[in-house]
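The sequence shown lines up with residues 1 to 394 when you count with full-length UniProt numbering. Below: one structure, written as structure tokens.
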Amino acid sequence: MITEAGAQPPLRPWGQAWRLLAAAAMGVLIWIVTASQLPVGAAGPRIEWMITGDPLVALACLVALLWRRRFPVTIALAVILASTVSVLAGGASLLALCSLSTRRRPAETVVAAVLSVVTAVLTADFYPHREPTGPLWLVLSLPTLMVGIVVAVGAAIGARREEVRSLRERVESAEREQAARAAEARIVERHRIAREMHDVLAHRVSLVAMQAGVLGHRPDLPADQIAELARGIAEGSHQALEELRDVLGVLRASPDELEPPQPSLTDLPALVADARALGLDVTLTTTTAGEPPDATARTVYRIVQEGLTNAGKHAPGARVAVTVEGTAGDGLRATVRDSGAARRIAGPPVSGYGLLGLSERVELAGGELDHHPEPGGGFVLAARLPWPVREGSE
């Protein structure tokens, strides 16, 4: 179906209904005023038309207004011309003019406005009057004023629609730009990781392979050299695993995937079980009443994770006690305490950023972090986080 250029999208049913009802009410008001001006005892074809034909034309105009957004100019001109022989169609004529004015096209709006004034003057003489009409300037002034008000309202509505449409386009454009920047940042990060894997990880794995090759091809090496090569392989493997763990999370992610599920307090037993599988002697005690906020629970999980990691690196063979306790309103406390290293070995490489990053995370959550060695040996990592009382929880 061919539509006129610049046609607006259709209205919702309720929006369409109240506009047509308002136009019908305006037409009925004009019809009542016109009927009150008829001479007493007036009769004839025009009086009969006023009772039968006038309402039918008005009804046809109201029905035609359903397509005013698809064919704005055609419907507006047709309804305005039809209002010449129907005072009941006056309301429909004003609605058509207002709808056309929202397009904010001066040429077609001026034509429709002049035509509306002319038809209003012709309609004024279509039915007989009890009293003679006034001078021409008075007859023209009222329709001109009404048409001017309708055109101004329509132009204001059109301006507001364009502003809202412009704001929506800006929001959509901003969202697209943000998504593009995020995608670009993701690509840059992946390129950086690829460079690091080539420059660092591949080099480290090559060294490990070379050391292992020496052990395989030189069985006659002294025992101290074999031990030194074995230590080098172990250290290189530890470093490679640390670096590989840093890059796997980004490399496995897809731009279209949702965010992975975040850990919470319910994941602590699994975390402790993994630590035990690596040889740590860990006990877990949780005494929390209720469910803390997700962000707080996630921070506690990271605290316990960092504590267990540090214990495994720096206190092999130590006993580790993990305690998580708290209630809403009293706060949430997490403590990781180890008894100190039971044996001395060359530990894995230390980045030095674990506790620093953890301090920043706890500070952002509004809590306090404390970490210090104990006088009798061992190390304590403790944090206190806010746990506000939710409304309606009491």
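Here a beta-carbon is modelled for each residue, glycine too, at the ideal position from N, C-alpha and C.
Contact between the stretch 94-105 and the stretch 146-156 (3+ Cβ pairs under 8 Å): Contact between the stretch 94-105 and the stretch 146-156 is present: three or more C-beta pairs spanning the two stretches fall below 8 Å.
Out of His129, Ala321, Ala311, which one is the CA nearest neighbour of Val40? Of the listed residues, the one whose Cα sits closest to Val40 is His129.
Quick check: does the Cβ of Leu355 come within less than 7 Å of any heavy atom belonging to the ligand GDP? Looking at this structure, you won't find the ligand GDP or any other ligand, since it has none at all.
Determine the DSSP secondary structure at Pro373, reduced to helix, strand or coil. Correct three-state label for Pro373: strand.
Within the same chain, show all residues whose beta-carbon is closer than 8 Å to that of Trp387, passing over the 5 residues directly before and after it, in chain order. Listed in chain order, the non-local C-beta contacts of Trp387 below 8 Å within the same chain comprise Pro292, Pro293, Thr296, Gly326, Thr327, Ala328, Gly329, Asp330, Gly331, Leu332, local neighbours out to five positions each way being set aside.
Neighbourhood of Arg384 by C-beta, 7 Å cutoff - its chain only, sequence neighbours within 5 removed: Gly331, Arg333, Gly367, Glu368.
Are the stretch 311-326 and the stretch 271-286 touching, with three or more C-beta to C-beta distances below 8 Å? By the C-beta criterion, the stretch 311-326 is judged to be in contact with the stretch 271-286, since at least 3 inter-stretch pairs fall below 8 Å.
How would you label Trp137, buried or exposed, when you count the other beta carbons within 10 angstroms and need 16 or more for buried? Label assigned to Trp137: exposed.
Whole angstroms are fine: how far does the CA of Ser237 sit from the CA of Arg390? About 48 Å.
Within 8 Å, strictly: CB atoms of Leu62 and Ile75: No; because the gap between Cβ atoms is not below 8 Å, this pair is not in contact.
I'd like to know whether the C-beta atoms of Val324 and Val362 end up nearer to each other than 8 Å. By the CB criterion at 8 Å, Val324 and Val362 fall outside the cutoff.
Quick one: what's got a C-beta closer than 7 Å to Thr287's C-beta in the same chain, skipping five residues either side? Glu325.
Contact check, Thr123 vs Ser83 under 8 Å by CB: the rounded distance? Thr123 to Ser83, Cβ: 6 Å. Contact.
Identify the residues that DSSP records as bridge partners of Thr285: which are they? By DSSP's assignment, Thr285 forms a beta bridge with Thr323.
Let's see if you can read the secondary structure: which residues bound the beta strand (DSSP E) around Leu381? Residue range 379-385 is occupied by the beta strand (DSSP E) that includes Leu381.
Residues bridged to Val336 [DSSP beta-bridge criterion]: DSSP lists Val322, Leu381 as partners of Val336.
Is there a C-beta anywhere in chain C that falls below 8 Å from the one on Ala289? Within the model displayed, chain C is absent; a lone protein chain is all it includes.
Using the C-alpha atoms, what's the distance from Arg160 back to Ala17? Inter-residue distance for Ala17 and Arg160 is about 21 Å (C-alpha atoms, whole angstroms).
Out of curiosity, what's the CA-to-CA distance linking Pro349 and Leu308? With a pLDDT of only 46 at Pro349, under 50, the local geometry of the prediction cannot be trusted, and no value is derived from it.
Note the first and the last residue of the continuous alpha helix (DSSP H) segment covering Ala107. Run containing Ala107: 106-124, per the alpha helix (DSSP H) assignment.
Report the option in Val118, Leu140, Leu88, Leu95 whose CA atom is closest to the CA atom of Leu20. Closest option to Leu20, Cα to Cα, is Leu95.
Between the Cα of Asp274 and those of Val188, Leu59, Ala240, Gly312, spot the shortest distance and give me the residue it belongs to. Nearest of Val188, Leu59, Ala240, Gly312 to Asp274, Cα basis: Gly312.
Tell me, to the nearest whole angstrom, how far the beta carbon of Gly90 is from that of Gly27; I am working on the premise that it is less than 8 Å. Indeed they touch by this definition, with Cβ atoms about 5 Å apart.
Rounded to the nearest angstrom, what separates Leu381 and Leu229 at their Cα positions? In this model, Leu381 and Leu229 are separated by some 35 Å (Cα to Cα).
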